[in-house]
Amino acid sequence: MSAVANTPFKRPVSVLVVLHDGCGRALLLERADRAGFWQSVTGSLEDGETPAAAALREVGEETGLLLPPERIDNWHLSTSYEIYPHWRHRYPPGTTRNTEHTFCALIPADAPVRLSPREHRACLWLPLAEAARKVFSPSNRAALLRLAGWPPEAGRETPKIGGR
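According to the numbering used here, the sequence shown is numbered sequentially starting from 722.
Pasting the structure below:
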């Protein structure tokens, strides 16, 4: 059990689902537990769950949108990253790395998003490059830029990230 009373540890395998409108904008969610931490849909896999099933479940839990399986695009891309120290209590002792599987889904910009207040406090649509500057996670930033067509072709200017 994790440090939070009677909650099981999270598996160190998760999904990232970039929700976009097909017109160059992505939906971002602001975490309820960390003001200013913006992200796409994310979440850990449950026991026996595939990454694709987790992607569908997390979209439903975090946005209230119930998508059919064919709406989720599996990029067959996974990223291993270090778990932030302030979130390690959620994982089995000694776990410091997570493997994240990347997906995206096309949704209408006027889709009726219903946030889970336990997880998120706000949402907004932003152009992909601006969304990439706003998210806190490097893997989320990379996914947004990839959806926007980055890395650039020869001769195209790269977007400025984090004031650099």
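Note that the Cβ used here is the ideal one computed from N, Cα and C, for glycine as well.
{"Query": "P789 versus I828: straight-line alpha-carbon distance, rounded", "Result": "11 angstroms"}
{"Query": "Contacts around A853, its chain only, beta-carbon distance under 6 angstroms, and the 5 residues preceding and following it disregarded", "Result": "R862, L865 and L866"}
{"Query": "Cβ shell of E803 (< 7 angstroms), same chain only, five flanking positions each side left out", "Result": "T817 and R818"}
{"Query": "DSSP state of R811 mapped onto helix, strand, coil", "Result": "helix"}
{"Query": "Burial state of C744 (16 or more Cβ within 10 Å)", "Result": "exposed"}
{"Query": "Same chain only: Cβ atoms within 8 angstroms of S860, ignoring 5 sequence neighbours per side", "Result": "L737, T800, Y802, E821 and T823"}
{"Query": "Cα-Cα separation between A773 and E767, rounded to whole angstroms", "Result": "12 angstroms"}
{"Query": "For R818: DSSP bridge partner residues", "Result": "E803"}
{"Query": "Proximity to F730 [Cα-Cα], best of L849, G815, C825 and A753", "Result": "G815"}
{"Query": "Separation of G764 from A775, as counted between CA atoms", "Result": "8 angstroms"}
{"Query": "Option in C844, D754 and W759 with minimal Cα separation from H807", "Result": "D754"}
{"Query": "Minimum C-alpha distance to T784 - residue among E840, L868, P733 and I793", "Result": "E840"}
{"Query": "Among H741, P733, L740 and F758, the one whose alpha carbon lies nearest that of R842", "Result": "F758"}
{"Query": "Y805 to E791 span [Cα, whole Å]", "Result": "33 angstroms"}
{"Query": "Cβ-based neighbour list, A832, same chain, cut-off 7 angstroms, excluding 5 preceding and 5 following", "Result": "L786"}
{"Query": "Strand pairing of D794, partner residues [DSSP]", "Result": "C825"}
{"Query": "Endpoints, the alpha helix (DSSP H) within which S860 is located", "Result": "P859 to L868"}
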